[in-house]
Every structure is written in C-alpha cells, then in structure tokens.
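J.: Residue numbers (the working numbering): 5 to 151. For every residue, glycine included, the Cβ atom is placed at its ideal position computed from N, Cα and C.
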Amino acid sequence: MDMIHVPYKGVPQAILDLLSGRISLMFSPAPLVLQHVKEGRLKALAITSAGRSPLLPDVPTVAEAGLPGIEFGAWNGVFVPAGTPEDIVSVLNREIVRIIALPEVRERLIALGFDPGGNTSAQFKAMVNAEIERWAKVVRDSGARVD
5 MDMIHVPYKG VPQAILDLLS GRISLMFSPA PLVLQHVKEG RLKALAITSA GRSPLLPDVP
65 TVAEAGLPGI EFGAWNGVFV PAGTPEDIVS VLNREIVRII ALPEVRERLI ALGFDPGGNT
125 SAQFKAMVNA EIERWAKVVR DSGARVD
C-alpha cells in the first residue's frame, strides 16, 4: 500500500480536509469521526485494533479487511514521577481500578471509545515497555531518521 503521510497539528483539521476531499483517507480515533460516519459523511473502512469496536461493530478490523499484521491502537495510563513510594503507587492503582470498574464510569469510557482496563502497575509497566520495544523496532527497521 503506497501512501503519503500528511502531518497535521490536530485531528480536527485533518477531518475537515477529509470531508472536503483534500485528503483521501486518514487514521483517526473512532470517537472523533463517529458522528460523521453515522451521518454518512465519512465511511469507516477498518478498525486498527485486534477486535472490532463496540462503537462501530459492523466495521471490520484491518486484518478482516485483508491486511493482516497491521494492528495498533491508542492507550492511556496514569503516570507518577520516578521514585514515587510504592505504597502511594498501590493506593493510586487500587482507587483508579475501583473507579474504572464503576458501571457509570465504565459505560461512559466505552461511549468515548476507550477500552477500560484496570491492570496492576506492574502489568501496565510491562505493557509500556513492550510498546517501547515494538515501536523502536518499527522505527529502526524503517530507517527513519530525525533531521
């Protein structure tokens, strides 16, 4: 697949250019384009996550659409300064997991396009490290350089 990357300072300008036909496609978090898709102004071609989005259940994953191996998504986490005492990290983690599990919070996060987690700080750290390794390899393999 041959594409040209067009850098934008933010998603709203890219959406405007997509709606006006200045660009042919874009990768966007589903919640930011959902209204345009529902109103028929944009067509969602595929979801880049491992599974279908509850926001767009009829839209296939990229793998289902015929391009296996393209899987990525955004994630959010709570970070504290290095050296924060472990007892404070544990309290924060426990309370954040408890709040995310509240039905009204969970439903709202899903409606906003998030996949509410609730893992331990050790699991989150391992995931962050795995992501760093994954994307560092992609950058190395691509030969990309910072000018």
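Once DSSP output is grouped into helix, strand and coil, what is the label at L36?
T.: helix
J.: Leaving out the 5 sequence neighbours to the left and right, which residues in its chain are closer than 6 Å to P120 when beta-carbon positions are compared?
T.: I104, R110, L113
J.: Which full runs of the alpha helix (DSSP H) of 4+ residues lie inside the region 98-143, going along the chain?
T.: 107-115
J.: Rounded to the nearest angstrom, what separates A69 and S57 at their Cα positions?
T.: 14 Å
J.: If you count every other CB in all the chains shown that lies within 10 Å of the CB of N34, and 16 or more means buried, which is it?
T.: The amino acid at residue 34 is misidentified as Asn; the sequence shows Ala. Its Cβ being crowded by 16 or more others within 10 Å, A34 is buried.
J.: With a threshold of 16 other CB atoms inside 10 Å of the CB of N97, please say whether the residue is buried or exposed.
T.: buried
J.: Can you name the start and end residues of the alpha helix (DSSP H) that V66 belongs to?
T.: It is not in any alpha helix (DSSP H) - V66 carries neither H nor E in the DSSP assignment.
J.: Could you say which of T65, G117, Q127 lies nearest to V101 if we only look at CA atoms?
T.: Q127
J.: G117 and L59 - do their beta-carbons sit closer together than 8 Å?
T.: yes
J.: In the DSSP output, what is I51 paired with across the bridge?
T.: T65
J.: By the three-class DSSP mapping on this structure, what secondary structure does S146 have?
T.: helix
J.: What's the gap between the Cα of F76 and the Cα of P64?
T.: When rounded, the distance between both Cα atoms is 14 Å.
J.: How many Å lie between L23 and G73 at the Cα?
T.: 28 Å
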